[in-house]
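A.B. asks:
What follows is the structure, encoded as structure tokens:
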């Protein structure tokens, strides 16, 4: 957490993850409570993105323009409007993301 408090295990909750071909899988996500600010934090596996139901592979396929609304293979994928929202989000946040990557690369260069 941003307040630097200690996270304490609280419980688990179910969360759906939609994958390729329209597959759906239920995951059990561990939740933690911050001992300082009392906010809840979810522990997400690497294949799940915050606030998204589709797995990261589907979303990256859309952002890399491998998956489009016109593909017959993609008919079980998110609708065109959802795909458009993801692309717009990436365009809007690309500069900030590149800034984070430059900062990380700079920090790693100190270790060389």
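Numbering (the working numbering), first residue to last: 2 to 113. Note that CB positions come from ideal geometry on N, CA and C, so glycine has one too.
Helix, strand or coil for residue 26 per DSSP?
C.D. replies: strand
A.B. asks: Going straight from the alpha carbon of residue 99 to that of residue 106, what length do you get?
C.D. replies: 10 Å
A.B. asks: Pull the bridge partners of residue 54 from the DSSP assignment, please.
C.D. replies: Paired residue(s): none; residue 54 is not in a bridge.
A.B. asks: Going by C-alpha to C-alpha distance, which of 72, 111, 70, 64 sits closest to residue 92?
C.D. replies: 64
A.B. asks: Enumerate in chain order the residues of its own chain whose CB-to-CB distance from residue 42 is below 8 Å, with the five nearest sequence positions on each side excluded.
C.D. replies: 2, 8, 32, 33, 34, 35
A.B. asks: Residue 102 to residue 29, Cα distance in whole Å?
C.D. replies: 31 Å
A.B. asks: Tell me the rounded alpha-carbon separation between residue 59 and residue 90.
C.D. replies: About 15 Å.
A.B. asks: Is it buried or exposed, residue 71, if we count other Cβ atoms within 10 angstroms and call 16 or more buried?
C.D. replies: exposed
A.B. asks: Can you have a look at residue 81 and say buried or exposed, based on whether 16 or more other CB atoms are within 10 angstroms of its CB?
C.D. replies: exposed
A.B. asks: What number of angstroms, rounded off, separates the C-alpha of residue 95 from the C-alpha of residue 51?
C.D. replies: 17 Å
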